[in-house]
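J.: Could you have a look at this structure, given as structure tokens, before my questions?
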Amino acid sequence: MKLLLVEDDLRLADYLKKGLEEEGFVVDLARNGIDGLHLATQGHHEVIILDGMLPDIDGLAVLAALRQSKTTPVMMLTARGMTEDKVNGFRSGADDYLVKPFAFAELVARLHALGRRRAGAANEPAQTSLSLLDLELDAVRRTARRDGRELRLTAKEFALLWLLLRRKGEVVGRTEIAESVWDMNFDSDTNVIDVAVRRLRAKMDDPFEVQLLHTVRGVGYVLDVRAQAAGAA
15 MKLLLVEDDL
25 RLADYLKKGL
35 EEEGFVVDLA
45 RNGIDGLHLA
55 TQGHHEVIIL
65 DGMLPDIDGL
75 AVLAALRQSK
85 TTPVMMLTAR
95 GMTEDKVNGF
105 RSGADDYLVK
115 PFAFAELVAR
125 LHALGRRRAG
135 AANEPAQTSL
145 SLLDLELDAV
155 RRTARRDGRE
165 LRLTAKEFAL
175 LWLLLRRKGE
185 VVGRTEIAES
195 VWDMNFDSDT
205 NVIDVAVRRL
215 RAKMDDPFEV
225 QLLHTVRGVG
235 YVLDVRAQAA
245 GAA
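For reference, each letter of the sequence shown is one residue, going 15 to 247 in our numbering.
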């Protein structure tokens, strides 16, 4: 697996590069945000490890810029461990979030998980568009439209909507959403999913007469023309 490591701490970067290469990874190293963004957009990497605190460009800014053109899985590696920090990371398009200090074995395990997820997505039958009523998603152009109007979604919002639309009419649980969209175990103390659903609903439902995204309390979410169960809202 080919990785891009963006880390400005010289000792940590060298330690990680050596350790990951001993684990069989191929590692490109960038020591600042500018070089990291250049390598990320111009190169071909299966996973990007991105420090959240860089001296020139903040890691979240690098991530936001990267998400304009690339869907490469990104693991944020940062000392910022508050819930708000994690939410901001996932909002910006991170696929995983690991707080320093961390166990090297956990980092390796998470990288393999991201790699399997990417490989699994590549092996799925090609499905480039989905629709429901007046909602249309195009995976190739990464566009979402409703009633002909473009919905400006973040990478995570698009991934969440794609999952729900691919399973339209079915209730998708919060654990499955966490694992499929954020590639993380569901933590009841984390409101990442609630925030993402709220922002998605504001963009794709609130401006329109017919509501498509429904909450099934205590279970998960369903995308359908009508709520599917008692207690749905």
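Note that CB positions come from ideal geometry on N, CA and C, so glycine has one too.
Which residues in the same chain as residue 171 place their Cβ atom closer than 7 Å to its Cβ, once the five residues preceding and following it in sequence are excluded?
T.: 210, 213 and 214
J.: Given this structure, state the Cα-to-Cα distance separating residue 61 from residue 36, to the nearest angstrom.
T.: 17 Å
J.: Once you ignore the five residues that flank residue 56 on each side, which residues in its own chain have a CB closer than 7 Å to its CB?
T.: There are no such residues.
J.: Alpha carbon to alpha carbon, how far is residue 148 from residue 217?
T.: 14 Å
J.: Please report the residue range of the beta strand (DSSP E) in which residue 145 lies.
T.: Annotation for residue 145: the continuous beta strand (DSSP E) segment containing it runs 143-146.
J.: Straight-line CA distance for residue 128 to residue 83?
T.: 19 Å
J.: Mind reading off the beta-carbon distance from residue 146 to residue 158? Whole number of angstroms is fine, and I expect it under 8 Å.
T.: The Cβ separation is near 11 Å, so there is no contact.
J.: For residue 168, name the three-state secondary structure that DSSP assigns.
T.: If DSSP states are grouped into helix, strand and coil, residue 168 belongs with coil.
J.: Using DSSP's beta-bridge definition, name the partner residues of residue 234.
T.: Beta-bridge analysis with DSSP links residue 234 to 187 and 230.
J.: Please classify residue 43: does DSSP put it in a helix, a strand, or coil?
T.: If DSSP states are grouped into helix, strand and coil, residue 43 belongs with the strands.
J.: Look up residue 111 in the DSSP assignment and give the residues it is bridged to.
T.: 90
J.: Name the residue from 125, 162 and 71 whose alpha carbon lies nearest to the alpha carbon of residue 110.
T.: 125
J.: Give every residue of the same chain whose Cβ lies closer than 8 Å to the Cβ of residue 48, excluding the five residues on either side of it in the sequence, and list them in chain order.
T.: 70 and 71
J.: Once DSSP output is grouped into helix, strand and coil, what is the label at residue 16?
T.: strand
J.: Are there 16 or more other CB atoms within 10 angstroms of the CB of residue 92, so buried, or fewer, so exposed?
T.: Around the C-beta of residue 92, 16 or more other C-beta atoms lie within 10 Å, and the residue is accordingly described as buried.
J.: CA-CA distance, residue 6 and residue 233?
T.: Nothing about residue 6 can be read from this structure; the chain reaches only from 15 to 247.
J.: Can you tell me whether residue 245 is helix, strand or coil according to DSSP?
T.: Because residue 245 carries a pLDDT of 42, less than 50, the predicted location of this residue cannot be relied on, and no value is offered for it.
J.: So, under 8 Å CB-CB, residue 41 and residue 17 are touching, yes? Tell me the CB distance rounded to an integer number of Å.
T.: Their Cβ separation, rounded to whole angstroms, is 5 Å, which keeps residue 41 and residue 17 in contact under 8 Å.
J.: Going by DSSP, name the residue or residues bridged to residue 65.
T.: 91
J.: Leaving out five residues on either side along the sequence, give the residues of the same chain with a beta carbon under 8 Å from the beta carbon of residue 2.
T.: What the structure shows of the chain is the stretch from 15 to 247, and residue 2 is not part of that stretch, so it cannot be assessed.
J.: Could you please give me the residues that DSSP links to residue 160 through a beta bridge?
T.: 149 and 163
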